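To start, the structure under review is shown below, and the notes come after it.
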Amino acid sequence: MIDLEKAHEVLVNMPNAKEEAHFDKPAYKIKGKIFATFNIENKWVTLKFTPEQQTIFCEDDAFYPVPNKWGQLGWTHVSLDKVRLTAFVEGVNTSYENIVAMKTKKRVEKTTQ
103 MIDLEKAHEV LVNMPNAKEE AHFDKPAYKI KGKIFATFNI ENKWVTLKFT
153 PEQQTIFCED DAFYPVPNKW GQLGWTHVSL DKVRLTAFVE GVNTSYENIV
203 AMKTKKRVEK TTQ
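Once you know that position 62 of the sequence shown is 164 in this note's numbering, the rest is easy, because the numbers rise by one and skip nothing.
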């Protein structure tokens, strides 16, 4: 279990991360793309995984797929009432790195065309 303040601290301290509103909830972006959203009222954070990563993270019951099409794309809720700090940090780092890798891949594709 981690508290709201600790979750915010982890998210906002990712390198070059920017916090912006997204549908009235804090979203954390790198290079203009969301890697996490924070639902303070329900005490969960939503992270972007690949479907394979989602399967692995969801072995921990603190992680569960978003119950719609977004979940099928890898978006995953993390219950702050259940998650251990180490698992949360690992999940945030994975989501963050997924977005960085995606943006880097697109930049490489543009330069090779």
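We put the CB at the ideal spot given by N, CA and C, even for glycine. Values in this document were obtained by computation on a predicted structure and should not be read as measured data.
Less than 7 Å between C-beta atoms, sequence neighbours within five positions excluded: which residues of the same chain meet that for residue i?
i: N195; result: none
i: D162; result: A189
Measure how close the beta-carbons of residue i and residue j come, nearest whole angstrom, since I'm counting them as under 8 Å.
i: F159; j: G193; result: 6 Å
i: F151; j: G176; result: 4 Å
i: T178; j: P169; result: Not confirmed; about 11 Å, so no contact.
i: V185; j: A164; result: 4 Å
i: L106; j: K145; result: 7 Å
i: L187; j: K108; result: 7 Å
Residues in the same chain with beta-carbon distance under 8 Å from residue i, minus the five sequence neighbours each way, listed in chain order, please.
i: V202; result: I132 and K133
i: F137; result: M116, A119, Y130, K131, L149, K150, V194, S197, Y198, N200 and I201
i: M204; result: K135
Can you check whether the CB of residue j is closer than 8 Å to the CB of residue i?
i: M116; j: L182; result: no
Looking at C-alpha atoms only, which residue of the options is the closest neighbour of residue i?
i: S197; options: H110, L149 and P169; result: L149
Are there any heavy atoms of the ligand PLP lying less than 7 Å away from the beta-carbon of residue i, as far as the coordinates show?
i: H124; result: This structure simply doesn't include the ligand PLP, nor any ligand for that matter.
- prompt: Are the stretch 117–125 and the stretch 152–169 touching, with three or more C-beta to C-beta distances below 8 Å?
  reply: no
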